[in-house]
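Since the structure comes first, as structure tokens, the remarks are kept for the end.
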Amino acid sequence: MGVRESDQERDRRAGPGWGPDRDLPPRSERSAFRVSGTRHRTGDPSRAPGQDLQHRRHDQEAWLGRRPVPGAAHHRRHARWLHPSRGLGAGRELPDRTPASPSRETGDVRGLRLNPEQRDAVEHGEGPLLVLAGAGSGKTRVLTARAARLIEQGLEPTRLLAVTFTNKAAGEMRERIEGLIGRSTRGLWIGTFHSVAARVLRIEAPNTSRTRAFTIYDEDDSIRTLRDVMESVGYDPRRWAPRALRGRISGAKNALMGPAEYESEAFDLLSEVVAKVYPAYQRELERRNAYDFDDLLFETVRLLETVDGVRDRYGARFAHVLVDEYQDTNHAQYRMVKALASKHGNLCVVGDDDQAVYGWRGADIRNILDFEADFHGAHVVRLERNYRSTGSILEVANAVISRNLARKPKRLHTERETGDPIEVVRCDDERAEAAWVSSRIAADRSARGLNEFAVLYRTNAQSRAFEEAFRRSGIPYRIVGGVPFYERREVKDVIAYLRLLVNPADDAAFLRAVGWPRRGVGAKSLERLGDLARAGAGAGEALEPLAAVAARARHEDGIPRAAARGLRRFAEGLADVRASLSGCGAREALEACVAAFGLATALAEEEDGADRLENVSELFAAAEVFERDDVEDPDDEATDLE
Numbered sequence: 002m003g004v005r006e007s008d009q010e011r012d013r014r015a016g017p018g019w020g021p022d023r024d025l026p027p028r029s030e031r032s033a034f035r036v037s038g039t040r041h042r043t044g045d046p047s048r049a050p051g052q053d054l055q056h057r058r059h060d061q062e063a064w065l066g067r068r069p070v071p072g073a074a075h076h077r078r079h080a081r082w083l084h085p086s087r088g089l090g091a092g093r094e095l096p097d098r099t100p101a102s103p104s105r106e107t108g109d110v111r112g113l114r115l116n117p118e119q120r121d122a123v124e125h126g127e128g129p130l131l132v133l134a135g136a137g138s139g140k141t142r143v144l145t146a147r148a149a150r151l152i153e154q155g156l157e158p159t160r161l162l163a164v165t166f167t168n169k170a171a172g173e174m175r176e177r178i179e180g181l182i183g184r185s186t187r188g189l190w191i192g193t194f195h196s197v198a199a200r201v202l203r204i205e206a207p208n209t210s211r212t213r214a215f216t217i218y219d220e221d222d223s224i225r226t227l228r229d230v231m232e233s234v235g236y237d238p239r240r241w242a243p244r245a246l247r248g249r250i251s252g253a254k255n256a257l258m259g260p261a262e263y264e265s266e267a268f269d270l271l272s273e274v275v276a277k278v279y280p281a282y283q284r285e286l287e288r289r290n291a292y293d294f295d296d297l298l299f300e301t302v303r304l305l306e307t308v309d310g311v312r313d314r315y316g317a318r319f320a321h322v323l324v325d326e327y328q329d330t331n332h333a334q335y336r337m338v339k340a341l342a343s344k345h346g347n348l349c350v351v352g353d354d355d356q357a358v359y360g361w362r363g364a365d366i367r368n369i370l371d372f373e374a375d376f377h378g379a380h381v382v383r384l385e386r387n388y389r390s391t392g393s394i395l396e397v398a399n400a401v402i403s404r405n406l407a408r409k410p411k412r413l414h415t416e417r418e419t420g421d422p423i424e425v426v427r428c429d430d431e432r433a434e435a436a437w438v439s440s441r442i443a444a445d446r447s448a449r450g451l452n453e454f455a456v457l458y459r460t461n462a463q464s465r466a467f468e469e470a471f472r473r474s475g476i477p478y479r480i481v482g483g484v485p486f487y488e489r490r491e492v493k494d495v496i497a498y499l500r501l502l503v504n505p506a507d508d509a510a511f512l513r514a515v516g517w518p519r520r521g522v523g524a525k526s527l528e529r530l531g532d533l534a535r536a537g538a539g540a541g542e543a544l545e546p547l548a549a550v551a552a553r554a555r556h557e558d559g560i561p562r563a564a565a566r567g568l569r570r571f572a573e574g575l576a577d578v579r580a581s582l583s584g585c586g587a588r589e590a591l592e593a594c595v596a597a598f599g600l601a602t603a604l605a606e607e608e609d610g611a612d613r614l615e616n617v618s619e620l621f622a623a624a625e626v627f628e629r630d631d632v633e634d635p636d637d638e639a640t641d642l643e
């Protein structure tokens with residue numbers, strides 16, 4: 002069933018993971034992570050606005066409903082390297098997280114240096130507030146100062162919700178607020194839309210079809226699940242690309258269209274296929290006690306708008322709601338914010354319609370353009386003083402952006418120097434472009450260090466021409482970026498074991514974990530295991546989780562003897578570890594998995610084993626920081642909102 006309004010509305014193929022904004026299995030008792038004690042129950046729809054969240058998260062992507070752990074390596078004072086014979090990374094010391102005493106410059110919000118427009122936004126009282134913050138105008142300072150001022154004036158941190166678009170931004174905002182007020186902000190809800198939604202869904206699990214131990218599927222998990230579902234409803238994944246179907250389903254969810262509503266609006270052959278696959282896909286996710294990333298917003302909006310009492314509970318809890326990068330919100334996020342702020346109207350959004358660049362994935366610029374119409378009596382503040390760029394850069398930027406038709410009027414200015422003029426060079430092709438850049442750097446490198454040069458390109462594929470040109474010219478270079486920590490294979494592999502401990506119905510985690518380290522179980526054996534699960538389910542019944550079928554795998558069932566033995570041992574190992582970890586913490590559970598299944602030894606035998614072992618060691622540190630600095634209230638359960 003859709004929850005649509007009547008009159009409106011990385012390219013990595015690793016597997017599931019956990020991280021600051023993703024899915025570390027939840028705590029079943031207050032704020033302590035537990036392995037045991039969980040219950041297990043089994044727009045334009047043609048677009049795919051949610052299918053590439055990696056571009057803003059999958060840093061952004063949350064290991065969800067939890068405090069971000071930005072650069073956990075920087076939070077440790079001492080660390081032992083993970084080694085198969087060295088206690089699996091034990092012995093780390095965590096930093097003292099006591100907030101620093103307020104300084105004369107930043108400790109008192111009222112003493113923070115603000116220009117008149119910034120002060121207007123920070124000191125605004127009750128009611129909706131739109132801060133139109135041009136690039137480099139100090140929007141982060143305004144948002145954090147406003148949050149700190151509200152707390153200084155007596156608002157409990159537990160009654161403040163701050164939504165950002167990345168986990169890094171959330172972590173930085175929390176630290177800045179603590180620096181301003183000189184004390185901890187424990188209890189403050191701060192995170193991405195998806196992490197906030199995940200927390201709501203865990204608290205409100207009794208009002209949903211999942212348990213609090215639900216798993217969150219990333220793009221790869223979703224595509225693998227879709228392949229299975231397509232075959233079960235008679236569609237060949239080789240003819241109908243699962244990725245394309247997932248894109249349509251993602252677009253539908255971000256437009257808040259459920260399977261029935263999508264079917265009623267199917268308009269071409271592909272959408273008719275999606276209309277058949279979509280409901281089956283949702284049933285399979287429910288059977289696995291899982292949500293995909295797009296479900297988080299969809300289900301949270303459904304709860305807030307259709308379940309009695311939910312909106313009122315959260316409206317009463319959060320007296321103020323702050324939202325960053327509002328120009329990048331989609332329809333589902335808009336509806337979620339509107340519901341959360343409907344009781345009191347104390348909504349502060351910060352954004353810039355001139356920086357709206359995510360329309361291709363569903364962001365709706367009308368959310369910020371129509372803010373005053375949606376939230377009557379809104380106070381509008383324009384931050385037009387730029388502190389980042391020179392006058393020549395702003396002159397060009399203003400000239401270009403002023404031609405936009407759909408925008409709110411504003412003109413950036415600066416007190417900085419004019420600076421060097423901007424040079425525009427036209428090249429015939431990518432090779433000529435790279436050659437020109439290379440020659441320019443070679444000509445100027447005697448006057449300045451190479452670390453003063455930066456080459457920006459729009460897509461990763463464009464780097465090849467530049468790299469070849471630099472090699473020919475003998476110019477050393479470094480590609481900035483790489484695979485995000487929680488997307489690294491070994492990290493996702495280890496977390497698959499943890500997911501399976503908490504949610505035995507998670508077939509995606511099972512298929513990942515059972516394949517590493519190798520235990521003689523190949524694709525044919527896993528296919529046969531799936532056949533056995535389907536054969537054991539009667540008409541209309543849910544399939545048995547693969548982990549349960551593996552526990553009784555036999556050669557007589559058509560599985561090779563070695564594979565059957567490997568499957569049984571794997572299932573037995575999971576059961577033993579689960580039984581031994583009652584009430585343990587996240588780090589202890591991770592270490593137990595690594596030890597019980599020989600994961601450290603397997604990594605050490607790989608060519609780049611030392612690096613991979615250090616990444617797993619870093620995962621242990623992140624888990625410990627998570628346990629120590631979890632931002633949820635100790636009593637933050639569903640009963641606390643009733």
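In my numbering, the protein residues as written are 2 to 643. We treat Cβ as the ideally placed atom computed from N, Cα and C, and that holds for glycine.
Can you list, in chain order, the residues of its chain whose CB lies under 8 angstroms from that of residue i, leaving out five sequence neighbours each side?
{"i": "P422", "result": "S393"}
{"i": "N208", "result": "L304, V308 and V311"}
{"i": "Y458", "result": "S464 and F467"}
{"i": "I402", "result": "D355 and R408"}
{"i": "T165", "result": "A171, M174, I191, G192, T193, D325 and E326"}
{"i": "L156", "result": "A320 and H321"}
Of the choices the options, whose alpha-carbon is the least far from that of residue i?
{"i": "S526", "options": "N461, A564, D293 and L547", "result": "A564"}
{"i": "E431", "options": "K169, E416, A462 and V274", "result": "A462"}
{"i": "V617", "options": "L582, P280 and E488", "result": "E488"}
{"i": "A261", "options": "A149, W517, A276 and A320", "result": "A276"}
{"i": "W241", "options": "S251, R473 and V274", "result": "V274"}
{"i": "R284", "options": "P238, F621 and V230", "result": "V230"}
{"i": "P129", "options": "V234, G450, A342 and R555", "result": "A342"}
{"i": "H664", "options": "V143, G139 and D295", "result": "Only positions 2 to 643 of the chain appear in this structure, which leaves residue 664 out of reach."}
{"i": "D371", "options": "K409, I402 and S403", "result": "K409"}
{"i": "E545", "options": "N290, F319, Y478 and L271", "result": "N290"}
{"i": "R200", "options": "T141, V234, L297 and R114", "result": "L297"}
{"i": "E220", "options": "R446, A206 and A245", "result": "A245"}
{"i": "D494", "options": "R211, A514 and A122", "result": "A514"}
{"i": "K344", "options": "F376, G559, R555 and V351", "result": "F376"}
{"i": "R211", "options": "Q154, T301, A605 and G584", "result": "T301"}
Would DSSP call residue i helix, strand or coil?
{"i": "C349", "result": "strand"}
{"i": "G192", "result": "strand"}
{"i": "A163", "result": "strand"}
{"i": "L568", "result": "helix"}
{"i": "Y487", "result": "helix"}
{"i": "S474", "result": "helix"}
{"i": "A624", "result": "helix"}
{"i": "R383", "result": "strand"}
{"i": "L144", "result": "helix"}
{"i": "I204", "result": "helix"}
{"i": "H125", "result": "coil"}
{"i": "V132", "result": "strand"}
{"i": "T602", "result": "helix"}
{"i": "R629", "result": "helix"}
{"i": "I560", "result": "coil"}
{"i": "I250", "result": "helix"}
{"i": "Y645", "result": "Residue 645 lies beyond the range of the chain shown here (2 to 643); nothing can be said about it."}
Might you give, ordered along the chain, the residues of its own chain that have their beta carbon closer than 7 angstroms to the beta carbon of residue i, omitting 5 neighbours on each side?
{"i": "P561", "result": "S526"}
{"i": "A436", "result": "A470"}
{"i": "F299", "result": "K254, L257 and A333"}
{"i": "D293", "result": "Y218, S223 and L286"}
{"i": "Y236", "result": "V274 and V278"}
Might you give, ordered along the chain, the residues of its own chain that have their beta carbon closer than 6 angstroms to the beta carbon of residue i, omitting 5 neighbours on each side?
{"i": "H59", "result": "Because the pLDDT of H59 is 37, which lies under 50, any placement of that residue in the model is unreliable, and the number read from its coordinates should be weighed accordingly. The answer is none, since no qualifying residue turns up."}
{"i": "R389", "result": "G137"}
Let me check you understand the geometry: is the CB of residue i closer than 7 angstroms to at least one non-hydrogen atom of the ligand GDP?
{"i": "A587", "result": "No copy of the ligand GDP appears in this structure; indeed no ligand is present at all."}
| Fully enclosed by the stretch 262-347, which beta strand (DSSP E) runs are 3 residues long or longer? | Residue ranges of uninterrupted beta strand (DSSP E) with 3 or more members, entirely inside the stretch 262-347 and ordered along the chain, are 291-293 and 321-324.
| request: Say whether the stretch 141-160 touches the stretch 409-426, bearing in mind that this needs 3 or more beta-carbon pairs closer than 8 angstroms, one atom from each stretch. | output: Short answer: they don't touch.
| Does the count of Cβ pairs from the stretch 131-147 and the stretch 380-388 closer than 8 angstroms reach three? | Result yes; three or more Cβ-Cβ pairs closer than 8 angstroms.
| query | What residue ranges within the stretch 355-412 form continuous beta strand (DSSP E) runs of no fewer than 3 residues, ordered along the chain? | reply | Fully contained in the stretch 355-412 are the following beta strand (DSSP E) runs of length 3 or more, in chain order: 380-384.
| At least three beta-carbon pairs within less than 8 angstroms, the stretch 542-556 to the stretch 492-509 | In this structure the stretch 542-556 lies against the stretch 492-509, because at least three pairs of beta carbons, one per stretch, are closer than 8 angstroms.
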